[in-house]
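Novice: Before I ask anything, here is the structure I am working with.
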């Protein structure tokens, strides 16, 4: 008698197999709105503005975000942030670059107290939530390995002024995933010298199982 075996996950959803019967498992990132509703998404920015570079970044970052080696979480970065508080007296553009590093590194300096209040604190995207994670934010001339920098979608265009506070956020085209021990760097470049800016991120802290989905 012919038999048909149907595989389901723990929630009762059907699972897919290959023609040879092997289970097909795909990794995915949970829905952003769901993560916000669960109180697992936060934003934080650097507290010190740094002079933008006028060349492609290399071994100096203005902000490094690290998932500690002891972490039980996977960080997913959805969005980058930027504010500029000093601009030259001419028209100019600031571009935010990022670097996803290839190797784990020793713990960076935790310059920003994310669990505090005020500037530099981790702001939840769901009201009433307090940040209890262990993310490390190291800012201002942080030495990193040049693992290949690429521009993000975030740009700020300034009009003529000597001080011109501007801020902006931009979704990454593809979220960046940081396993335990890994780090992520941000740096700005500008068309004119003397722009001073501080970057930040919006991220979620997930369990490893959150990124596994069999289908």
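Residue numbers (this note's numbering): 195 to 409. A virtual CB, placed ideally from N, CA and C, is assigned to each residue, including glycine. Since this is a predicted model, take the numbers as computed values, not measurements.
1) Give the DSSP bridge partners of residue 318, in chain order.
2) Determine the contact status of residue 487 and residue 365, defining contact as a CB-CB distance below 7 Å.
3) Checking 7 Å against the spacing of the C-beta atoms, do residue 325 and residue 236 come in under that value?
4) Using the rule of at least 16 other Cβ atoms within 10 Å of the residue's Cβ for burial, across every protein chain shown, is residue 409 buried or exposed?
5) Return helix, strand or coil for residue 331, following the three-state DSSP convention.
6) Could you check the C-alpha separation between residue 381 and residue 231 for me, to the nearest Å?
7) Which value, in whole angstroms, describes the spacing of the CA atoms of residue 369 and residue 271?
8) Should residue 302 go down as buried or exposed, given a rule of 16 or more other Cβ atoms within 10 Å for buried?
9) Just grab the DSSP bridge partners of residue 292 for me.
10) Per DSSP, which one or two residues make a beta bridge with residue 350?
11) Got a sec? Which residues, its chain only, sit under 7 Å from residue 346 by beta carbon, not counting five neighbours each side?
Specialist: Answer, in terms of the structure:
1) If you number the chain shown from 1, residue 318 lands on position 124. The partner list for residue 318 (beta bridge, DSSP) reads 236.
2) Outside the shown range of the chain (195 to 409) lies residue 487, about which nothing can therefore be said.
3) Numbered from its first residue, the chain shown carries residue 325 at position 131. Numbered from its first residue, the chain shown carries residue 236 at position 42. Yes, they are a contact pair.
4) What you label residue 409 is simply residue 215 of the chain shown in a count that begins at 1. Bear in mind that a pLDDT of 48 at residue 409, under 50, signals an unreliable position, so the number given afterwards is only what the model happens to contain. Exposed, since its Cβ has fewer than 16 Cβ neighbours within 10 Å.
5) To locate residue 331, count along the chain shown from 1; it is residue 137. When DSSP states are grouped into helix, strand and coil, residue 331 belongs to the strand group.
6) Along the chain shown, one-based indexing puts residue 381 at 187. Along the chain shown, one-based indexing puts residue 231 at 37. Pairing residue 381 with residue 231, the inter-Cα distance amounts to about 31 Å.
7) On the chain shown, residue 369 is found 175 positions in, with the first residue counted as 1. On the chain shown, residue 271 is found 77 positions in, with the first residue counted as 1. If I take the Cα positions, the gap works out to 5 Å.
8) Within the chain shown, residue 302 is the residue found at index 108, counting from 1. Here residue 302 is buried, its C-beta having at least 16 other C-beta atoms within 10 Å.
9) For this step, residue 292 is matched to residue 98 along the chain shown. When DSSP reads this structure, residue 292 sits in a beta bridge with 344 and 380.
10) Here residue 350 refers to the residue found at position 156 of the chain shown. Residue 350 pairs with 288.
11) Locating residue 346 in the chain shown gives position 152, counting from the first residue. Only 274, 290, 291, 292, 364 and 366 meet the Cβ criterion.
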